[in-house]
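Colleague: There's a structure below that I have some questions on.
2 protein chains.
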Amino acid sequence: MPDRELNIALERESEIPLYRQLITQIRAQINGGDLPAGTRLPASRALATELGLSRISVVNAYNELRAAGYLSAHAGRGTFVARERDAPEARQQLPPAPATRQRASSIREMMRLARKKSLIDFSGGAPPSDFFPVRYLQDAINQVIERDGADALAYEAPEGYPPLRGAVRDYVRVIGINCRVEDVLITGGAQQAIDLVLQSLMRDGDTLLTADPTYLGIIDIAEARRVHIHGIPIDEDGIRIDALENAIDQLRPRLIYVMPSYQNPTGHLMPLHRRRQLVRLAARHRIPILEDEVYREFRYDGDELPPLKALDESGVVIHTNAFTKVLLPGIRIGYLVADGPYYQRLARVKQAADISTPGLNQRAIHLLLERGVLAKQLERNRLELRRRRVAALAAAQRYLPAGSQWKAPGGGLFLWVELPAVGPSAAETFIAAIARDVAFAIGALFYTGEGGRQAMRLNFGIHKPETIEEGFRRIGAVHAALVADYGDVQRRAVL
Amino acid sequence: MPDRELNIALERESEIPLYRQLITQIRAQINGGDLPAGTRLPASRALATELGLSRISVVNAYNELRAAGYLSAHAGRGTFVARERDAPEARQQLPPAPATRQRASSIREMMRLARKKSLIDFSGGAPPSDFFPVRYLQDAINQVIERDGADALAYEAPEGYPPLRGAVRDYVRVIGINCRVEDVLITGGAQQAIDLVLQSLMRDGDTLLTADPTYLGIIDIAEARRVHIHGIPIDEDGIRIDALENAIDQLRPRLIYVMPSYQNPTGHLMPLHRRRQLVRLAARHRIPILEDEVYREFRYDGDELPPLKALDESGVVIHTNAFTKVLLPGIRIGYLVADGPYYQRLARVKQAADISTPGLNQRAIHLLLERGVLAKQLERNRLELRRRRVAALAAAQRYLPAGSQWKAPGGGLFLWVELPAVGPSAAETFIAAIARDVAFAIGALFYTGEGGRQAMRLNFGIHKPETIEEGFRRIGAVHAALVADYGDVQRRAVL
Chain D
5 MPDRELNIAL ERESEIPLYR QLITQIRAQI NGGDLPAGTR LPASRALATE
55 LGLSRISVVN AYNELRAAGY LSAHAGRGTF VARERDAPEA RQQLPPAPAT
105 RQRASSIREM MRLARKKSLI DFSGGAPPSD FFPVRYLQDA INQVIERDGA
155 DALAYEAPEG YPPLRGAVRD YVRVIGINCR VEDVLITGGA QQAIDLVLQS
205 LMRDGDTLLT ADPTYLGIID IAEARRVHIH GIPIDEDGIR IDALENAIDQ
255 LRPRLIYVMP SYQNPTGHLM PLHRRRQLVR LAARHRIPIL EDEVYREFRY
305 DGDELPPLKA LDESGVVIHT NAFTKVLLPG IRIGYLVADG PYYQRLARVK
355 QAADISTPGL NQRAIHLLLE RGVLAKQLER NRLELRRRRV AALAAAQRYL
405 PAGSQWKAPG GGLFLWVELP AVGPSAAETF IAAIARDVAF AIGALFYTGE
455 GGRQAMRLNF GIHKPETIEE GFRRIGAVHA ALVADYGDVQ RRAVL
Chain B
5 MPDRELNIAL ERESEIPLYR QLITQIRAQI NGGDLPAGTR LPASRALATE
55 LGLSRISVVN AYNELRAAGY LSAHAGRGTF VARERDAPEA RQQLPPAPAT
105 RQRASSIREM MRLARKKSLI DFSGGAPPSD FFPVRYLQDA INQVIERDGA
155 DALAYEAPEG YPPLRGAVRD YVRVIGINCR VEDVLITGGA QQAIDLVLQS
205 LMRDGDTLLT ADPTYLGIID IAEARRVHIH GIPIDEDGIR IDALENAIDQ
255 LRPRLIYVMP SYQNPTGHLM PLHRRRQLVR LAARHRIPIL EDEVYREFRY
305 DGDELPPLKA LDESGVVIHT NAFTKVLLPG IRIGYLVADG PYYQRLARVK
355 QAADISTPGL NQRAIHLLLE RGVLAKQLER NRLELRRRRV AALAAAQRYL
405 PAGSQWKAPG GGLFLWVELP AVGPSAAETF IAAIARDVAF AIGALFYTGE
455 GGRQAMRLNF GIHKPETIEE GFRRIGAVHA ALVADYGDVQ RRAVL
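One line per chain: the protein sequences are D and B, in this order.
So the number in our numbering is just where the residue sits in the first sequence, counting from 1, plus 4.
So the number in our numbering is just where the residue sits in the second sequence, counting from 1, plus 4.
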């Protein structure tokens, strides 16, 4: 089918954002038959140039239209007007994609577009790369190869390199988890740990409960695994127990996923009494809890709290953590601690998933642990991150729009900000912010359903104080400009 | 419940193998009520010592009784007489385990027990560790860290390190696969690649077709993913097209998995005409084929054949290979080549599974490829493996039982041997062989259902010629001793 011409006429003086106008006009032309099914649309870059828009505006418009079923995209071939009955053959073989799929691909696209040097990027979830103990790791790898030779490069045992399992056992004992080496399973980061738990405990169509908002990765996993994910509202202590119990009664979930310490994205710390309530509730209903403690070690003030697994007397809690956040994300070493019946199944699924986690990486991390590099790292990281948090809170106070709300996080990497309820949404602000070389994560991405329209997540941990200040200043300026441009914001049709 | 005494009286002069007697007597005591539900059985090591048996005999007896539902095992707590209604709480939460689960855990147990220094072990699937380019890898890692610093240790792009994707594109083009960088997905070895394909294309309860016998890993994955696996008989050209077409009509499978080159376990090479038939059949029925070419580069004689993906005009073939067999298994780098609609879903599932494959490992492999280390390795490996194959064929001729059958493999690591139809099974021979410090893989493990009772897989690639000769000599002696011990083998009750 030959390409048709798109006829787009943007009103630059309008109160309606340009990319919204683009959506409306493309939709009208599809509905009106001017763009029949199968028509290829211009590449986002070409259309952006033609219309004098930023590329992200066009990408967002295409994404929304895809999510609404107007368009379909084929990697490398382009974006087309969707046709339901005439889908490519191979595609018909695939199980239908769940409604949330658009979310994950949008954020991926968004993050890809955001990769340019001049950008001050608060959107990522990674720890600051200037903290990575690069030389220590290099030394450790060399010593492992000298010491172990080819053994370091052969298949490792599926459950993990035994000395590393022992080191993890020792490590979690300090925080109150009394386990044996046989209860420790080494994984490819916490992400694989979470994925293995879902695969072990859940079937297609089962229900998973989590907080709302929650870690984006669990939303991705639930989608990939065809599992229903249901978000429970939070209060200032974390996931709400009353709402959770209702959901347990009504939805009969197979698993509860929580991040008790410095939750991603909100930075909340679940206090001890809520931790106890949560474990008791799960034990009473015999629903396993997966606790993800990857931010636990990023603690800036307050007492250290026991993980849920330390409060667990009935073996209902599965604990995961990783050396990705505190040491080296790209090395991809994490672990699970689980009791017997869960453990056996997890180990089987792990072996099926990838035989084993790379042995060289495991041995190098083990050496770093043994030498106390992790402990030293943590101390250094905490000091520096505490400084960055101070800078972020001061910059937020000074630059973020009046009426924005946030809570000083006691740990973790993130500041979670609610923009004023009346005014540009976080997504609108994001699109404008990219043009001014600053980015953050749009809050709505972290919700399992609706919500988070005005929220944004700012990773302050990855920037130096002066960069944080400049970045927050830009966000404030972008937001103010949006409010000024649009005139009477209350009258507008918003995203 | 206090431990009860087991009363076992073995008849050492009997024709019935000792571990079979053990099974029969334990089963009788459970059925007779002497061993009530919940009774803990002695640890396998203790019972073996008490009865003067090898530990593997006791483990095999326990495994069979577990498979038959008489016993249940709890990691670290021991083996118990099973009780259906009184299972541990947490266990009730788990989806029921499929019938094949016993297979995977038995082989794991078997392989674990087999790990002792004096053993001549032909059972593994790994390439010989004396081939690993340890120093080259060490140099490559150091240079990557010097060159890329912290970037090498940060999160890598989910689809893979872009230069490595480019190198894979170049690599597969040489064997006739015309693809783009965007069609290449880097994975944690071929095992993860296979697992991602199953997860992307199949739901719980869907059917997967494969050859019978087949790669043990796909049986593991199918079990972990709750997918039905159905084995199609093979002839000398590989998977039988007539039987495959029947199965497609009757079972409506979602995926076909094959290993066209030097199949694991049989070593068969699928000739060109069968490759074409297979691709045509799949295209006609629009069933995707996953081709696993991990042994492709271990070619000793004959022409190089195109992979299925090179014959694929309709985008129905997904191609996987890895650098694990030819270079470094423990580094865990593999890849998938797939067309657009499959690719998008695979990339999403990959990101959910573990965010990304470790970047340092990808970059090091990329450097090794760029420097031609892989090409040099292949040449060296082929020369040496060809020598080992000659040694294996000569030793088989000289030492294996008269009436055994095998075919000289044109490539790969394995010799697939059928023991005489009348006589000890491969499993019986295995148990006796362990005591004589030699091991092989029991053929029945590679079958999706029944079959392979007399078959064994011998990895000749991991041993030097003199060790191959000594190992085969021991197997021949063990088998001869079994035949002699048992007297009239045709009268026996066999495994």
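For every residue, glycine included, the Cβ atom is placed at its ideal position computed from N, Cα and C.
Rounded to whole angstroms, what is the Cα-Cα separation between B/A171 and B/R375?
Modeller: Within the second sequence, residue 171 of chain B is the residue found at index 167, counting from 1. Within the second sequence, residue 375 of chain B is the residue found at index 371, counting from 1. Cα-Cα distance, rounded: 11 angstroms.
Colleague: Sorted by chain position, which residues of the same chain lie with C-beta nearer than 6 angstroms to B/I34's C-beta, five sequence neighbours on each side aside?
Modeller: Looking up residue 34 of chain B in the second sequence gives position 30. For B/I34, where only same-chain residues beyond five positions count, the Cβ hits under 6 angstroms are Y74, V85.
Colleague: Looking only at its chain, what residues have a beta carbon closer than 6 angstroms to the beta carbon of D/Q281, apart from the 5 residues adjacent to it on each side?
Modeller: Taking the first sequence and counting its residues from 1, one reaches residue 281 of chain D at position 277. Closer than 6 angstroms at the Cβ level, and outside the excluded window around D/Q281, lie I245.
Colleague: Report buried or exposed for B/S429, applying the criterion of at least 16 other Cβ atoms within 10 angstroms of its Cβ.
Modeller: Start at 1 with the first residue of the second sequence, and residue 429 of chain B comes out as number 425. The residue in question, B/S429, is buried, as its Cβ has 16 or more Cβ neighbours within 10 Å.
Colleague: Buried or exposed, going by whether 16 or more other CB atoms sit within 10 Å of the CB of D/H483?
Modeller: Stepping through the first sequence from its first residue, residue 483 of chain D is reached at position 479. Counting Cβ neighbours within 10 Å, D/H483 comes out buried, since at least 16 surround it.
Colleague: According to DSSP, is D/V339 helix, strand or coil?
Modeller: For this step, residue 339 of chain D is matched to residue 335 along the first sequence. One point to set straight first is that residue 339 of chain D is Tyr, not Val, in the sequence displayed. Strand, per DSSP.
Colleague: Do you know how far the Cα of D/P310 is from the Cα of D/G180?
Modeller: Here residue 180 of chain D refers to the residue found at position 176 when the first sequence is read from its first residue. Here residue 310 of chain D refers to the residue found at position 306 when the first sequence is read from its first residue. Straight-line Cα distance between these residues: approximately 7 angstroms.
Colleague: Quick one: grab the DSSP three-state call for D/H277.
Modeller: Residue mapping note: residue 277 of chain D aligns to position 273 of the first sequence, counting from 1. Three-state DSSP puts D/H277 in a helix.
Colleague: So if I threshold CB-CB distances at 8 angstroms, which residues from the region 117-136 of chain D count as touching chain B?
Modeller: The region 117-136 of chain D vs chain B, Cβ under 8 angstroms: A130, S133, D134, F136.
Colleague: Skipping 5 residues on each side, what residues in its chain have a beta carbon closer than 8 angstroms to that of D/N11?
Modeller: Stepping through the first sequence from its first residue, residue 11 of chain D is reached at position 7. Here the set comprises Q29, Q33, D38.
Colleague: Could you check how far apart the C-beta atoms of D/E301 and D/L382 are, in whole angstroms? I think they sit under 8 angstroms.
Modeller: Taking the first sequence and counting its residues from 1, one reaches residue 301 of chain D at position 297. Taking the first sequence and counting its residues from 1, one reaches residue 382 of chain D at position 378. Sure, about 5 angstroms apart at Cβ, within 8 angstroms.
Colleague: Less than 8 angstroms between the CB atoms is what I'm expecting for D/R336 and D/G192, so what's the real figure, rounded?
Modeller: The count along the first sequence starts at 1 and reaches residue 336 of chain D at position 332. The count along the first sequence starts at 1 and reaches residue 192 of chain D at position 188. Correct: roughly 5 angstroms between the Cβ atoms.
Colleague: With 7 angstroms set as the bound, which would you pick, yes or no: does the beta-carbon of B/L157 sit closer than that to a beta-carbon of chain C?
Modeller: Judged by its chain identifiers, the structure shown contains no chain C, and its protein chains are D and B.
Colleague: Does DSSP put D/N11 in a helix, a strand or coil?
Modeller: Translated into the one-based positions of the first sequence, residue 11 of chain D becomes position 7. Note: D/N11 maps to coil in three-state DSSP.
Colleague: Within 7 angstroms (strictly less), CB to CB, does B/G407 reach chain D?
Modeller: Residue numbering aside, residue 407 of chain B sits at position 403 when the second sequence is read from its first letter. B/G407 does not count as touching chain D.
Colleague: Determine the direct distance from the alpha carbon of B/I359 to that of D/A194, and round the result to whole angstroms.
Modeller: Taking the first sequence and counting its residues from 1, one reaches residue 194 of chain D at position 190. Taking the second sequence and counting its residues from 1, one reaches residue 359 of chain B at position 355. Whole-angstrom Cα-Cα distance: 10 angstroms.
Colleague: In terms of alpha-carbon separation, which member of B/A52, B/D187, B/I446, B/P137 lies closest to B/T504?
Modeller: The shown model of chain B, from 5 to 499, leaves out residue 504 of chain B, and the question about it has no answer.
Colleague: What beta strand (DSSP E) runs, 3 residues minimum, are completely inside the region 438-492 of chain B?
Modeller: List check, beta strand (DSSP E) in window: 459-463.
Colleague: Taking C-beta to C-beta, are B/E68 and D/G334 nearer than 7 angstroms?
Modeller: Within the second sequence, numbered from 1, the residue matching residue 68 of chain B stands at position 64. Within the first sequence, numbered from 1, the residue matching residue 334 of chain D stands at position 330. Cβ atoms of B/E68 and D/G334: not closer than 7 angstroms.
Colleague: Can you tell me whether D/N268 is helix, strand or coil according to DSSP?
Modeller: Walking along the first sequence from the start, residue 268 of chain D turns up at place 264. It is coil, neither helix nor strand.
Colleague: If you measure from the beta carbon of D/A356 to each beta carbon in chain B, is any gap under 7 angstroms?
Modeller: Within the first sequence, residue 356 of chain D is the residue found at index 352, counting from 1. So yes, D/A356 belongs to the interface.
Colleague: Strictly under 7 angstroms for the Cβ-Cβ distance: is B/N250 near chain D by that measure?
Modeller: Here the question's residue 250 of chain B lines up with position 246 in the second sequence. So no, B/N250 is outside the interface.
Colleague: Sort D/Q203, D/N268, D/P362 by Cα distance to D/Q348 and report the nearest one.
Modeller: For this step, residue 348 of chain D is matched to residue 344 along the first sequence. Minimum Cα distance to D/Q348 is reached at D/Q203.
Colleague: Taking the continuous alpha helix (DSSP H) assigned at D/V138, which residues delimit it?
Modeller: Position 134 of the first sequence holds residue 138 of chain D. D/V138 -> alpha helix (DSSP H) spans 138-152.
Colleague: Sort D/S265, D/A65, D/L373, D/Q142 by Cα distance to D/R279 and report the nearest one.
Modeller: Position 275 of the first sequence, counted from the start, is the residue given in the question as residue 279 of chain D. Cα-wise, what sits closest to D/R279 is D/S265.
Colleague: Measure the C-alpha to C-alpha separation of B/G307 and B/K411 and round it to an integer number of angstroms.
Modeller: The residue labelled residue 307 of chain B in the question sits at position 303 within the second sequence. The residue labelled residue 411 of chain B in the question sits at position 407 within the second sequence. Strictly speaking, residue 307 of chain B in this sequence is Asp, with Gly absent from that position. Distance between the alpha carbons of B/D307 and B/K411 is about 18 angstroms.
Colleague: Any Cβ of chain D within less than 7 angstroms of the Cβ of B/E240?
Modeller: Position 236 of the second sequence, counting from 1, holds the residue named residue 240 of chain B. Chain D contact via Cβ: absent.
Colleague: Consider the Cβ of D/V178: report whether some Cβ of chain B lies at a distance smaller than 7 angstroms.
Modeller: By one-based count along the first sequence, residue 178 of chain D stands at place 174. With 7 angstroms as the cut-off, D/V178 does not count as an interface residue toward chain B.
Colleague: Would you grab the beta carbon distance between B/G271 and B/L419 for me? Rounded to a whole angstrom, and I think it's under 8 angstroms.
Modeller: Counting from one through the second sequence, the residue named residue 271 of chain B turns up at place 267. Counting from one through the second sequence, the residue named residue 419 of chain B turns up at place 415. With a Cβ gap of about 7 angstroms, B/G271 and B/L419 count as contacting.
Colleague: Output the boundary residues of the alpha helix (DSSP H) element that contains B/G221.
Modeller: What you label residue 221 of chain B is simply residue 217 of the second sequence in a count that begins at 1. Counting along the chain, the alpha helix (DSSP H) containing B/G221 begins and ends at 220-228.
Colleague: Put D/Y261 into one of helix, strand or coil per three-state DSSP.
Modeller: For the purposes of this step, residue 261 of chain D is identified with residue 257 of the first sequence, where counting begins at 1. Strand, per DSSP.
Colleague: From the DSSP output, in three-state form, read off D/I179 for me.
Modeller: As a working mapping, residue 179 of chain D is identified with position 175 in the first sequence. In this structure, D/I179 counts as coil in the three-state DSSP scheme.
Colleague: Inspect the CB distances between the region 153-168 of chain B and the region 381-401 of chain B and report whether three or more fall short of 8 angstroms.
Modeller: In short, these stretches do not touch, since the Cβ pair count stays below three.
Colleague: Just the chain B side, please: which residues come within less than 9 angstroms of D/V138 by C-beta, in chain order?
Modeller: The residue given as residue 138 of chain D occupies position 134 in the first sequence. Chain B residues near D/V138: I149, G153, A154, A156, L157.
Colleague: Could you work out which residues of chain D lie near B/H78, taking near to mean beta carbons separated by less than 9 angstroms?
Modeller: Working through the second sequence from its first residue, we reach residue 78 of chain B at position 74. What B/H78 touches in chain D: G344, P345, Q348.
Colleague: Assuming B/R258 contacts B/D210 (C-beta within less than 8 angstroms), just tell me the rounded distance between them.
Modeller: Against the second sequence, residue 258 of chain B aligns to sequence position 254. Against the second sequence, residue 210 of chain B aligns to sequence position 206. With 8 angstroms as the limit, B/R258 and B/D210 qualify as a contact, their Cβ atoms being about 4 angstroms apart.
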